[in-house]
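To keep things clear, I will list the structure first and then write my remarks on it.
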Amino acid sequence: MGATIFDKVWDRHLLSDSPDGQSLIYVDRHLVHEVTSPVAFEGLKAAGRKVRRPDLTFAVMDHNVPTGDRSDPNPDDLSVRQMGTLKANAVGSQIALLDIFNPLQGIVHVIGPELGFTIPGTTLVCGDSHTTTHGALGAVAFGIGTTEVEHVLATQSIWMAKPKQMAVRTRGALPRGVCSKDLALWVIRNIGTGGAFGHVMEYKGETVERMSVEERMTLANMAVEAGARSAIMSPDEKVYDYVRGKPFAPQGRDWEEAMEYWDTLPSDPSAAYDRSVEFDAGRLEPQVTWGTNPGMTVGVTEAIPGPEDFEDGGARAAVGRSLRYIGLAPHTRVKDIEVDVVFIGSCTNARFSDLVQAARVVAGSHMKVHPSVKAMVVPGSQSVRRRAEEAGLDKIFRDAGFDWRNSGCSMCIAMNEDRVPSGKRCASTSNRNFENRQGPGGRTHLVSPVMAAAAALHGRFVDARELDLADVGE
Amino acid sequence: MPEPIAKVAGRALPLFADDVDTDQIIPAEFLKITQKKGLGRYLFYRWRQGDTEAPENFVLGRPEFEGSPILVGGRNFGIGSSRENAVWALLDYGVKCVMASSFGDIFYANAYKNGLVCVRLPDGTLSEVRREALAGALDMTVDLPRGVVVYGGRSVPFDMEEHVRERLTKGLDDISLTLSKHGEAIGKYEAAMPAFLKVRPAKVL
Ligand code: SF4
Chain A
919 MGATIFDKVW DRHLLSDSPD GQSLIYVDRH LVHEVTSPVA FEGLKAAGRK
969 VRRPDLTFAV MDHNVPTGDR SDPNPDDLSV RQMGTLKANA VGSQIALLDI
1019 FNPLQGIVHV IGPELGFTIP GTTLVCGDSH TTTHGALGAV AFGIGTTEVE
1069 HVLATQSIWM AKPKQMAVRT RGALPRGVCS KDLALWVIRN IGTGGAFGHV
1119 MEYKGETVER MSVEERMTLA NMAVEAGARS AIMSPDEKVY DYVRGKPFAP
1169 QGRDWEEAME YWDTLPSDPS AAYDRSVEFD AGRLEPQVTW GTNPGMTVGV
1219 TEAIPGPEDF EDGGARAAVG RSLRYIGLAP HTRVKDIEVD VVFIGSCTNA
1269 RFSDLVQAAR VVAGSHMKVH PSVKAMVVPG SQSVRRRAEE AGLDKIFRDA
1319 GFDWRNSGCS MCIAMNEDRV PSGKRCASTS NRNFENRQGP GGRTHLVSPV
1369 MAAAAALHGR FVDARELDLA DVGE
Chain B
-14 MPEPIAKVAG RALPLFADDV DTDQIIPAEF LKITQKKGLG RYLFYRWRQG
36 DTEAPENFVL GRPEFEGSPI LVGGRNFGIG SSRENAVWAL LDYGVKCVMA
86 SSFGDIFYAN AYKNGLVCVR LPDGTLSEVR REALAGALDM TVDLPRGVVV
136 YGGRSVPFDM EEHVRERLTK GLDDISLTLS KHGEAIGKYE AAMPAFLKVR
186 PAKVL
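So the protein lines, in turn, are chains A and B.
So in the numbering used here, the last spot in the first sequence is 1392, and the numbers never skip.
So in the numbering used here, the last spot in the second sequence is 190, and the numbers never skip.
Structure below.
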């Protein structure tokens, strides 16, 4: 029987198997940010321990950072203190840090791949659940909690039970106007928010092979919303091309050796999985969430459900509650839902290609942002921002009335000043539509960048497949 | 280092909600606090404040449930964000055990590493326990070595991974365990690590 890519990378990093089913795994790469690390560093200090491998650790400020003018003083004392703590810890432990003034700063899951810190065949962890993103490059990547961050800082290893494996086999090409975000939502809608508990989701097959590496990252990013422990994909030429020449990527002879290793990684055709699901992307339509978890999703041509559509009493109550929170009547048609705020950003959908997709809609429409909508674009990193500016995307967005901002998590988590006001409705390219996620009382509809851009212009959801798209970007 | 725990005994605190995500357990604005202590006052903040509709029969803060250490939830407890603050907030509030039929993976690991006991029980049992707890004070005992929950004259077994049980009952500190038992294996891996896997961000920046 063959091995999966996950098996291969896992075995290579396996330090010990304990009889209780836990394995100790070496961690090649550790990403650290300001929110989940302070208590870990404090614990380390209290125990008189040191960071074992500062050279394999990389820190960035992203969750808390202001996205407006960075030369203005940050008005938020607690945030200033939290970022100051990260800086002191990074300096004290000689860890490389991208602070808010660094031209390479950005969201941790955007800068990792973008700088070549994330490469195939490595193990990577970060104190953040969307670390699944890095699996798109063929890395074994796990989101961890703060106690585990401390353990990794001290030992460069992590204890965990080997997850089960789920093959997600995809067929068909995404139709025009349909994005990998739509496929991600469609999968969660079908398997549920707990559908992949305890599993690594390996996305494979035609649809994924056709996708760009950035599109694959969107898929991997959302795997955690199906409850997955991680996501992974076998690397191919597209991944090699993506990684080649990145600042931290192997160079010269190392590059040749790396490729030799990477060639051995793809899952063997005879590899076995604990579970397997199949999806045909060829007939997929744009998806829009209507409730308060990412599994509550319908297609753009559909109407949202009502409580009576569910048989289980618990589900019925949950749906009623979600609808009250989101402020929609049962059976409202998606195209009749009006939005007040549009957020194009987050580690799900704020890479260069996402901004290109959104800009194509804006430039193709010759429209402006709807007068009742406040729309903002928050690039995934400052590098994405610069590249977008070089390609003239900022001008397209600005001329249409979008706010063009600096990079950070921003309205995805609403820790800084970017928030959806209470009772307002947001079309968002982020990954979580939980209650209050984008600000107290804010209402979130998760969509693709194309759908979000169109919603900004029309003030309501429209079918992205029917839009005129302009050629923009490179 | 967490204290060893053999038993959790006390009143049940019913929570009638499935899919409770860590954003609900503690909202993001409180993640700026850089300590574990004192987070209890922000537990389920929005539901307690009433600025978001709380689940039906929400009893947190009601005097008769004060000091109840056993939170009894439903399905998929602790999904979403990896924030360990959710576990710290529960512990600081006085919750020592959470019962649910399933847990978010990261939450589950965060919990046992901090000495918060997570017990998986079938949905039917949970519904029954919550109904009884709501109707009147229900005292429960979670016995870790025996792997049973005892309440109202009943004794219900639960499954727990052996390593989780061991960590909880012995109060083990992972780091010293790893370094003392596996330091050599870590060193060996590092010595054999090929150059192409190495990275030196500090040199590039
Ligand atoms: S953009 Fe959102 S999901 Fe991504 S790391 Fe930041 S807060 Fe988390």
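Note that the Cβ used here is the ideal one computed from N, Cα and C, for glycine as well.
Note that the coordinates shown come from a computational prediction; the quantities given were computed from them, not determined experimentally.
Rounded to whole angstroms, the gap between the alpha carbons of A1306/A and A1318/A is 16 Å.
DSSP, reduced to helix, strand and coil, places F1115/A within a strand of the structure shown. Below the 9 Å Cβ cutoff, chain A contributes D1172, E1175, A1176, Y1179 as neighbours of P179/B, in chain order.
P1297/A is a Cβ neighbour of A1268/A, given a cutoff of 7 Å.
For the stretch 1061 to 1076 of chain A, the beta-carbon criterion of a distance under 8 Å to any beta-carbon of chain B is satisfied by G1061, I1062, G1063, T1064, T1065, E1066, E1068, H1069, A1072, T1073, Q1074, S1075. Here N1334/A is buried. Its C-beta has 16 or more other C-beta atoms within 10 Å. Using a Cβ distance threshold of 7 Å, P1204/A and M1369/A count as a contacting pair.
For C1330/A, the shortest C-beta to heavy atom distance toward ligand 1 is below 6 Å.
As for any alpha helix (DSSP H) of minimum length 4 sitting wholly inside the stretch 81 to 169 of chain B, the runs are 90 to 98, 108 to 120, 147 to 155, ordered along the chain. Cβ proximity to chain A below 8 Å picks out D4, D6, D8, Q9, P12, A13, E14, L16, K17, I18, T19, Q20, K21 from the stretch 4 to 27 of chain B. Here the stretch 1064 to 1072 of chain A does not lie against the stretch 1194 to 1211 of chain A, with fewer than 3 beta-carbon pairs under 8 Å apart. In summary, E1353/A is buried, with 16 or more beta-carbon neighbours lying within 10 Å of its beta-carbon over all protein chains present.
At a cut-off of 7 Å between C-beta atoms, A74/B does not count as an interface residue with respect to chain A. Taking each of A120/B, P12/B, K98/B, F88/B in turn and checking the Cα distance to A1114/A, the smallest one comes out for F88/B. Within chain B, the residues whose beta carbon sits less than 8 Å from that of F1352/A are D6, D8, Q9, G65, listed in sequence order. Shortest gap from the CB of C1344/A to any heavy atom of ligand 1: 6 Å or more. Partner residues in the beta bridge of I1262/A, as assigned by DSSP, are V1295/A.
D1198/A has its CB no nearer than 6 Å to any heavy atom of ligand 1. Rounded to whole angstroms, the separation of the alpha carbons of I1062/A and R68/B is 9 Å. Taking non-hydrogen atoms of ligand 1 into account, the C-beta of S1264/A is found less than 6 Å away from one of them. Residue environment: N1108/A is assigned as exposed (fewer than 16 neighbouring CB atoms within 10 Å of its CB, all protein chains considered).
Per DSSP, the unbroken beta strand (DSSP E) holding W1077/A starts and ends at 1075 to 1079.
Q1023/A counts as buried, since no fewer than 16 other beta carbons sit within 10 angstroms of its beta carbon. Counting the other Cβ atoms within 10 Å of the Cβ of N42/B gives fewer than 16, which makes it exposed. Interface criterion met: the Cβ of R1355/A is under 7 Å from a Cβ in chain B. Shortest gap from the CB of C82/B to any heavy atom of ligand 1: 6 Å or more. Annotation: the continuous alpha helix (DSSP H) that includes P956/A extends over 956 to 964. Closest in alpha carbon position to V957/A, among L1004/A, D987/A, L949/A, is L1004/A. Annotation: the continuous beta strand (DSSP E) that includes T1207/A extends over 1205 to 1207. With a cut-off of 8 Å on Cβ pairs, the stretch 1087 to 1104 of chain A is in contact with the stretch 1122 to 1139 of chain A, counting three or more such pairs. Among the residues of the stretch 1237 to 1261 of chain A, those with a Cβ less than 7 Å away from any Cβ of chain B are R1239, R1242, Y1243, in the order of the chain. Counting only the Cα atoms, H167/B lies some 58 Å from A1388/A. A distance of 7 Å or more separates the beta carbons of T1347/A and I1244/A. For the stretch 1151 to 1235 of chain A, the full-length beta strand (DSSP E) segments reaching 3 residues or more read 1193 to 1198, 1205 to 1207, 1215 to 1217 along the chain.
The stretch 1142 to 1162 of chain A and the stretch 1037 to 1056 of chain A touch, with three or more beta-carbon pairs separated by less than 8 Å. In this structure, V1380/A sits away from G1357/A, with a CB-CB distance that is not shorter than 7 Å.
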